[in-house]
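Chains as they are written, first to last, in this note's numbering: chain A, 1036 to 1205; chain B, 130 to 506.
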């Protein structure tokens, strides 16, 4: 599998996030779903994230996707003062409202980017919602995890390039 | 680039028919072709909040936008993620028969009465422009009465550079955005200050806190100000925005379930204590009981219900549990009775209830001095 290839190539080098991601970019064209990720990386946007028009991202890990909001969304909302996510166990369809984030400027709804069951939510955010602004893609700022019921929905979401084009067109 | 444009329709989620999420005001956003001002005929806060809810759920904004104008009989409205016990004197509200409502948008706590004007600007998500709305209101007031009105960095409207006459909050959903603000025309400020007093201390939580500010009425020192004239001035300024042919004028609206099917259900949801009190973010309340040798007690509350009541031993008490500590200083106390509070609804006189239980005085402990279930008037 791809993960074996990655480890083999990097065997002679220090296993850094940059090394991993460069290989990942090359491999992800051929592999639809993300390689088992062993490192937490918080400052790079990976090619295997998928994006919605509501400026949310999904990162798949096996059958479970991690969902968050993009840096652009976090920046436009301003510092978050409250994050509310639906309870784990809830079944949602793609596009269903499953939470809200509040900043000084507004309350904004969060939508499920894919259908499935919410398995986990980031409880750190109830005390420190600003983690979303500090680390929107990583281990600290993710919003919730969802077990996908229809993985094919990911195909219709935007890739990183499509998302970048989407936001620069504005 | 063109291949990406061709590819785009396939990535559009089927649920999204129109509009992209606007991240900032863009001059390219399409202008509305029609504008209306709706004047709600109800003074019930739950009905009006429900009407606001109904409009954003059921109307497709973008080409036809709306300004909703509404006023409420005396009540207090808290923001979506606030803690009512921290923000207001709930006992006073109950005694005065004033409802407490929780709105869907964020922001802080406001007192409403008929001297307060509420304005809600509805638009498509990409047309959302808070600053433009605030400046529209400021312009209307300046042009009509020559007030010294400014808009500060917190998006408050200030009179004479110092007094807050307006607070603002917004909600953004997939296709729609609404921005509402209050405007103090002729509010009973004594009642305002009394209702917004905060009798409880020692509450800790992640709930959003209000930022108090000195307030003033527009009518103070300006006798020509009346509610009707203010509504007319702001309404006309709003309707003029997209040109004369776009104005659909003022419309009286009677918010009834007949005209707005589903409104009654939205109203019931907003008035439900499970929403008003139950949506309070998790918090803890720590207090001392004077009649029990000043023992410190911590109560944890989640969704408005008590999840634990624990006496706290002082810091230097070396591994002694709270209950043991209480028994050591008050041999005749009943700390085990505190467990009976778990699962009960939290209310503002929790200290009195805890004290009563601890001292073994039964009978009056289980009834809160009713600061809940304050429904529509």
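We put the CB at the ideal spot given by N, CA and C, even for glycine. Since the structure is predicted, the reported quantities are computational estimates derived from the model, not experimental observations.
- Three or more beta-carbon pairs separated by less than 8 Å are not found between the segment 1169-1180 of chain A and the segment 293-304 of chain B, which leaves the two stretches without contact.
- Taking 7 Å as the cut-off, the beta carbon of residue 432(B) is found no closer than this to the beta carbon of residue 451(B).
- Contact between residue 217(B) and residue 167(B) is ruled out by a C-beta separation of about 29 Å, above the 8 Å threshold.
- For residue 1162(A), the neighbours in chain B by C-beta distance under 7 Å run, in chain order, 335.
- Following the DSSP letters along the chain, one finds residue 253(B) in no alpha helix (DSSP H) but inside the beta strand (DSSP E) bounded by residues 245-253.
- Per the coordinates, the alpha-carbon of residue 191(B) lies some 27 Å from the alpha-carbon of residue 1106(A).
- Residue 186(B) is classed as exposed because its beta carbon has fewer than 16 other beta carbons within 10 Å across all chains shown.
- Against residue 410(B), the close residues of chain A are 1117, 1119, 1161, in the order they occur along the chain (beta-carbon pairs closer than 9 Å).
- With its beta carbon at least 7 Å from every one in chain B, residue 1184(A) lies outside the interface.
- Using a C-beta cut-off of 8 Å, the segment 255-274 of chain B makes no contact with the segment 315-329 of chain B, since fewer than three inter-stretch Cβ pairs fall below that distance.
- Taking 3 residues as the shortest admissible run, the segment 374-403 of chain B contains the following complete beta strand (DSSP E) segments, listed from N- to C-terminal end: 376-382.
- For the C-beta of residue 233(B), the chain A residues within less than 9 Å are, from N- to C-terminus, 1135, 1142.
- Residue 1175(A) does not reach chain B, its nearest Cβ partner there being about 16 Å away, counting only Cβ pairs nearer than 9 Å.
- If you look at residue 294(B), you'll find it in the beta strand (DSSP E) that goes 292-295.
- Neighbourhood of residue 1169(A) in chain B, by CB distance below 9 Å: empty, with the nearest CB roughly 16 Å away.
- Those residues of the segment 298-317 of chain B placed with their C-beta closer than 7 Å to a C-beta in chain A are 299, 300, 301, 302, 303, ordered along the chain.
- The Cβ-Cβ distance between residue 302(B) and residue 1128(A) does not fall below 7 Å.
- With contacts defined by Cβ atoms closer than 7 Å, residue 428(B) and residue 479(B) form a contacting pair.
- Residue contact check for residue 414(B) against chain A: no CB pair falls below 7 Å.
- One finds nothing in chain A with a Cβ atom closer than 9 Å to the Cβ of residue 200(B); even the nearest lies about 23 Å away.
- By the beta-carbon neighbour count (other beta carbons within 10 angstroms, threshold 16), residue 203(B) is buried.
- Take residue 350(B), set aside five residues on each side of it, and no residue of its chain has a beta-carbon closer than 6 Å to its own.
- Residue 1136(A) counts as buried, since at least 16 other C-beta atoms from the protein chains shown sit within 10 angstroms of its C-beta.
- For the options 277(B), 309(B), 376(B), 365(B), the alpha carbon positioned closest to that of residue 263(B) is the one of 309(B).
- About 22 Å separates the Cβ atoms of residue 224(B) and residue 399(B), ruling out a contact at the 8 Å cut-off.
- DSSP places residue 366(B) inside the alpha helix (DSSP H), whose first and last residues are 356-369.
- The beta strand (DSSP E) runs of length 3 or more contained entirely in the segment 186-226 of chain B are, from start to end of the chain, 193-199, 204-207.
- At a cut-off of 7 Å between beta-carbon atoms, residue 189(B) makes no contact with chain A.
- For residue 1134(A), DSSP records a beta bridge to 1120(A), 1145(A).
- When the Cα atoms are used, residue 188(B) and residue 384(B) turn out to be separated by approximately 15 Å.
- Close CB contacts of residue 243(B) within its chain, under the 6 Å cut and outside five residues either way in sequence, are with 200 (chain order).
- Separation of residue 256(B) and residue 348(B) (C-alpha to C-alpha, rounded to the nearest whole angstrom) is 32 Å.
- Boundaries of the beta strand (DSSP E) around residue 163(B): 163-169.
- Counting along the chain, residue 417(B) sits inside the beta strand (DSSP E) bounded by residues 412-418.
- Interface criterion not met: the Cβ of residue 264(B) is under 7 Å from no Cβ in chain A.
- Less than 7 Å separates the beta-carbon of residue 467(B) from that of residue 438(B).
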